[in-house]
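Report on the following structure.
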Amino acid sequence: MQIYISGEFFEKEDAKISVFDHGLLYGDGVFEGIRVYSNRVFKLDEHLERLYESAKAIDLTIPIPIEKLKEDVLDTVHRNEMADSYIRLIITRGVGDLGLNPYTCEAAGIIIIVDKIALYPPEVYEKGLALVTVATQRNLPEAVNPRIKSLNYLNNILAKIEAINAGVEEAIMLNSFGLVSECAGDNLFATRKGILMTPSISMGVLEGITRNVVIEMAREKGIEVKQIVMTRHDLFIADEVFLTGSAAEIVPVIKIDGRVIGDGKPGKITRDFIKEYHHLVNA
Ligand code: PXG
Numbered sequence: 208m209q210i211y212i213s214g215e216f217f218e219k220e221d222a223k224i225s226v227f228d229h230g231l232l233y234g235d236g237v238f239e240g241i242r243v244y245s246n247r248v249f250k251l252d253e254h255l256e257r258l259y260e261s262a263k264a265i266d267l268t269i270p271i272p273i274e275k276l277k278e279d280v281l282d283t284v285h286r287n288e289m290a291d292s293y294i295r296l297i298i299t300r301g302v303g304d305l306g307l308n309p310y311t312c313e314a315a316g317i318i319i320i321v322d323k324i325a326l327y328p329p330e331v332y333e334k335g336l337a338l339v340t341v342a343t344q345r346n347l348p349e350a351v352n353p354r355i356k357s358l359n360y361l362n363n364i365l366a367k368i369e370a371i372n373a374g375v376e377e378a379i380m381l382n383s384f385g386l387v388s389e390c391a392g393d394n395l396f397a398t399r400k401g402i403l404m405t406p407s408i409s410m411g412v413l414e415g416i417t418r419n420v421v422i423e424m425a426r427e428k429g430i431e432v433k434q435i436v437m438t439r440h441d442l443f444i445a446d447e448v449f450l451t452g453s454a455a456e457i458v459p460v461i462k463i464d465g466r467v468i469g470d471g472k473p474g475k476i477t478r479d480f481i482k483e484y485h486h487l488v489n490a
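Quick note, in the working numbering, the sequence shown goes up one by one and the last residue is 490.
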C-alpha cells in the first residue's frame, strides 16, 4: 500500500505524522471519503469542491491548487492498483504549537489513503437495516456546521455509540428543534405516495454527494423530490426509507424505533435506485 503524505509516498508501516499535528490534537482539519469503481474515481470533482469549501469555512488553506490535488489523488489510486476501493483524503491543519491557535501551524498536511471499506454487512442491502433515533443531537449549524466535513466527528461517533449499544447499526440524529437531520454517517430519504423526501440542508446536514446523485436520478425519472422539514412522524408513516453515502451507497431501511417501515421489506423505489446507482457508478 502506498500512502501519500504531502507530496511523498510511504508504505503503510512508515506512513506517520507528527503528534503536534493539530488534526490529531484538536480534530482541526477536513476530509473526504470517495469511492473508486473499476479504476474510476466517482464524483471526484464534486468531492474536491466540497473539500475546498469545508477548508475555506474553517480558514484553512490547502497548500496546492485543486487541479494538482486531483492529479495527486489519481496518481495515488493508480499506484495502489485497487480497481474497486475507497479514498480517504485528509487535510490536517498541520504541525503547530500546543494551544488552539491554528495560525501557529506552518502548512496544512495532505494525506491520501486508498484502501477497502465495508460499512455494513452485505445482507443489509438485500434485507434492509434497522435504525433508532438517538438522544445525541446533531451539531448546531451555528456551532459546528454539519456542512463542514471536518475531522471532528465526535458528534457522529456519540450517535453511533448509542445506536450500536441499542443493538442496531445506524442512528437517526435530530437537530435542536427535534427535527430529523441525518444519520451518523449517511443522509436519509423517505418516500410516500411516490414522492421522494429528504431533510433540507438547513436542518443541519452534510450536503452529501450521494444525496445529490439520488436527487438528480429521481428528477430524471420524473419522481417529485421535496427537501423538507422532516419529523419522526414522516419516517414512521413513510412507504420506504433509505440511507445514502459514498461508502454506504444506498441502503434500505426497514425498521425505525421499533416501527416497521412500509411492509418491512426494501421497497420498489429503493431497489430501483440501488440498481440504477450501480449502473451509474460503473458507467
Ligand atoms: N452525512 C454525514 C454526517 C457523513 O459523514 C454523509 C452524510 C454522506 O455524504 P456523501 O458525500 O458520502 O454522500 C456522510 C459521509 C466513513 C465514511 O468512513 C463516512 C462517510 C462517507 C464515506 C466514508 O465512515 N460519510
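Virtual Cβ for every residue (Gly too), placed ideally from N, Cα, C.
Thinking C-beta only, is G411 closer than 8 Å to T451? Cβ atoms of T451 and G411: not closer than 8 Å.
Mind the definition here: the stretch 456-474 touches the stretch 331-346 only if three or more C-beta pairs lie below 8 Å; say whether that holds. The stretch 456-474 is in contact with the stretch 331-346.
Could you name each continuous beta strand (DSSP E) segment of 3 residues or more that falls completely within the stretch 369-416, going from the start of the chain to the end? Restricting attention to beta strand (DSSP E) runs no shorter than 3 residues, the stretch 369-416 encloses them at 377-381, 387-390, 394-399 and 402-406, ordered along the chain.
Tell me the rounded alpha-carbon separation between G236 and D228. A direct Cα-Cα distance of roughly 10 Å separates G236 from D228.
Would a check of beta-carbon distances place V488 closer than 8 Å to chain D? In summary, chain D is missing from the structure at hand, where a single protein chain is found.
Nearest-angstrom Cα distance between N372 and F249? Spanning the two alpha carbons is a distance of roughly 33 Å.
For N363 and G493, the rounded distance between their alpha carbons: Lying before the first or after the last residue shown, residue 493 is absent from the chain, which here runs from 208 to 490.
Counting beta carbon pairs with one atom in the stretch 253-271 and one in the stretch 349-368, are three or more of them shorter than 8 Å? Touching, per the Cβ criterion.
Excluding the 5 residues flanking I408 on each side, which residues of the same chain have their C-beta closer than 6 Å to its C-beta? Excluding sequence neighbours, I408 sits near E414.
What is the rounded straight-line gap between the Cα of A425 and the Cα of E431? In this structure, the straight-line span from the alpha carbon of A425 to that of E431 is close to 7 Å.
Would you say G306 and I224 are within 8 Å of each other, going by their C-beta atoms? No, they are not a contact pair.
Between A350 and the ligand NAD, is there a pair consisting of the residue's CB and a ligand heavy atom that are separated by less than 7 Å? Although the ligand NAD was asked about, the structure shown includes only the ligand PXG as ligands.
From V421 to F480, what distance separates their C-alpha atoms? Linking V421 to F480 through their CA atoms gives a straight-line distance of about 7 Å.
Can the beta-carbon of R300 be found closer than 8 Å to that of G230? Yes.
Rounded C-alpha distance that separates D279 from I273: Straight-line Cα distance between these residues: approximately 10 Å.
For the ligand PXG, is there a heavy atom less than 7 Å away from the beta-carbon of G452? Indeed, a heavy atom of the ligand PXG lies less than 7 Å from the Cβ.
Host beta strand (DSSP E) of L336 (start-end): Counting along the chain, the beta strand (DSSP E) containing L336 begins and ends at L336 to T340.
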